[in-house]
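In my numbering, the protein residues as written are 1 to 100.
Backbone N, C-alpha and C fix where the C-beta goes; we use that ideal spot for every residue, glycine too.
Structure record follows, encoded as structure tokens.
Have a look at this one:
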């Protein structure tokens, strides 16, 4: 198919994989236009931070405050959100906090 824009998304480990794909595919014919990672897991990593800054893909990391799994993943390049109203008692890593 002819696609002008391909976006990868993922949550937790899937978000980490989506970011890796978005930054690693710079040298191939098929490039991702954007990546949206929701609470991706991982420790702080300078090489990943630099790869995201120089990537052809727009990398968007979405983080729920209080989530320990994603607390170290691109700590200075992420969009932060509060837990969903009515779901404050649920784990901050749950995807429900990103849904309307």
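Around the C-beta of residue i, are 16 or more other C-beta atoms found within 10 angstroms, so that it is buried, or is it exposed?
i, result
"residue 48", "buried"
"residue 72", "exposed"
"residue 8", "buried"
"residue 67", "buried"
"residue 54", "exposed"
"residue 82", "exposed"
"residue 87", "exposed"
"residue 85", "exposed"
Using the DSSP secondary-structure output, state which residues sit across from residue i in a beta bridge.
i, result
"residue 34", "7, 58"
"residue 20", "Answer is none; residue 20 lacks a bridge partner."
"residue 78", "61"
Which same chain residues, not among the five before or five after residue i, have their C-beta less than 6 Å away from its C-beta?
i, result
"residue 16", "40, 41, 42"
"residue 95", "11"
"residue 98", "38"
For the putative contact between residue i and residue j, defined by C-beta atoms under 8 Å, what is the C-beta separation to the nearest angstrom?
i, j, result
"residue 32", "residue 57", "4 Å"
"residue 35", "residue 24", "Residue 35 to residue 24, Cβ: 11 Å. No contact."
"residue 75", "residue 100", "Wrong, their Cβ atoms sit about 26 Å apart, outside the cutoff."
CB-CB under 8 Å to residue i, same chain, minus the five flanking residues each way: which ones, in chain order?
i, result
"residue 79", "60, 61, 62, 63"
"residue 21", "8, 32, 35"
Does the region 88-99 come close enough to the region 48-61 that 3 or more CB-CB pairs lie under 8 Å?
no
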